[in-house]
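Scroll down for the structure; my scribbles are underneath it.
Numbering (my numbering), first residue to last: 63 to 329.
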């Protein structure tokens, strides 16, 4: 399977994953969206040297992955392209901050190393929470939740159309790549001299397909705003989930849970 076919397959698998049934899937989309926002805001707010406090925040995505029946390994596999970029953000910290912060035997750990690990964990935890939201919430329900937060309809429509028709663009690229391969047998990939014409043809084909799609949408009564999926009323479970997670995030941020657990173990 080539990379384009693999990308299309993974996109379909994400839709199938969001359509499954589990306690996490059944939660109200708005509740999951708010909790994800609270979680990312809490993770980002940790000081750069508070590594022990930040590690506790891994419990939220790990526990919800288990409740949703989704493997954590699948999350890292799907994010394999983004994770190295996120982890590379703090690589310069050990060279910029050489202040001794910890002493582990004969090894001195500088503040730059601690801040680098903290920054990496912040990015990884935020990506895990975002993937969890997408993997347990259909895109229609997610856009409906955004509209309930009074996000402009043009932005939610753009998000919905981009997600829905990115697979269509991948299909067009796959067709063009196959046509190129038939005209250049034995050649690996697309030669650099053909990149310009290839992208130009892709742009023209995309514009033609977009015009056809817009015409079909107008015939179906599209007037600038979508009627998103009907989201049921928020139940008590969703309210308790939101309040409980918010309280847990607050405690993890302002209470030294790792220190309390350490003191209890010592006793």
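Even for Gly, the Cβ is constructed at its ideal location relative to N, Cα and C.
* Candidates 137, 208 and 138, of which the one nearest residue 94 by Cα -> 208
* Using alpha carbons as the reference points, say which of 203, 168 and 152 lies closest to residue 179. => Comparing C-alpha distances from residue 179 to each of 203, 168 and 152 shows the shortest one belongs to 152.
* Looking only at DSSP bridge pairs, what is residue 164 linked to? -> 171
* Decide yes or no for the touch test of the region 297-306 against the region 93-107: beta carbon pairs closer than 8 Å, at least 3 of them. => yes
* Asked: Which residue spans inside the region 133-158 form an unbroken alpha helix (DSSP H) run of at least 4?
  -> 134-140, 144-149 and 155-158
* To do: Please determine if the region 110-120 and the region 175-192 are in contact, where contact requires at least 3 C-beta pairs separated by less than 8 Å.
  => yes
* Evaluate contact between the region 141-151 and the region 216-226, counting only Cβ atoms and requiring at least three cross-stretch pairs below 8 Å. => The region 141-151 is not in contact with the region 216-226.
* Asked: Looking at C-alpha atoms only, which residue of 130, 235, 86 and 191 is the closest neighbour of residue 106?
  -> Among 130, 235, 86 and 191, the Cα nearest to that of residue 106 belongs to 191.
* To do: List the whole-angstrom C-beta distance separating residue 148 from residue 194, where the pair is believed to meet the contact cut-off of C-beta under 8 Å.
  => About 16 Å; that fails the 8 Å criterion.
* residue 76 to residue 210, Cα distance in whole Å? -> 24 Å
* Asked: For residue 83, which of helix, strand or coil comes out of DSSP?
  -> Here residue 83 sits in coil by DSSP.
* Rounded straight-line distance, which links the Cα of residue 253 to that of residue 235 -> 15 Å
* To do: With a threshold of 16 other CB atoms inside 10 Å of the CB of residue 86, please say whether the residue is buried or exposed.
  => buried
* Does the distance from the C-beta atom of residue 101 to that of residue 312 stay below 8 Å? -> no
* Locate the alpha helix (DSSP H) running through residue 222, then write down its first and last residues. => 215-245
* Asked: Can you tell me the Cα-Cα spacing of residue 150 and residue 163, whole angstroms?
  -> Computed Cα separation, rounded: 22 Å.
* Taking all protein chains shown into account, decide if residue 132 is buried (16 or more other Cβ within 10 angstroms of its Cβ) or exposed. => buried
* Asked: Just checking my contact of residue 196 with residue 80 at CB under 8 Å: how many whole Å lie between their CB atoms?
  -> 7 Å
* I think residue 187 touches residue 120, with their Cβ atoms under 8 Å apart; what is that distance to the nearest whole Å? -> 6 Å
* To do: Compute the Euclidean distance between the alpha carbons of residue 67 and residue 242, then round it to the nearest angstrom.
  => 16 Å
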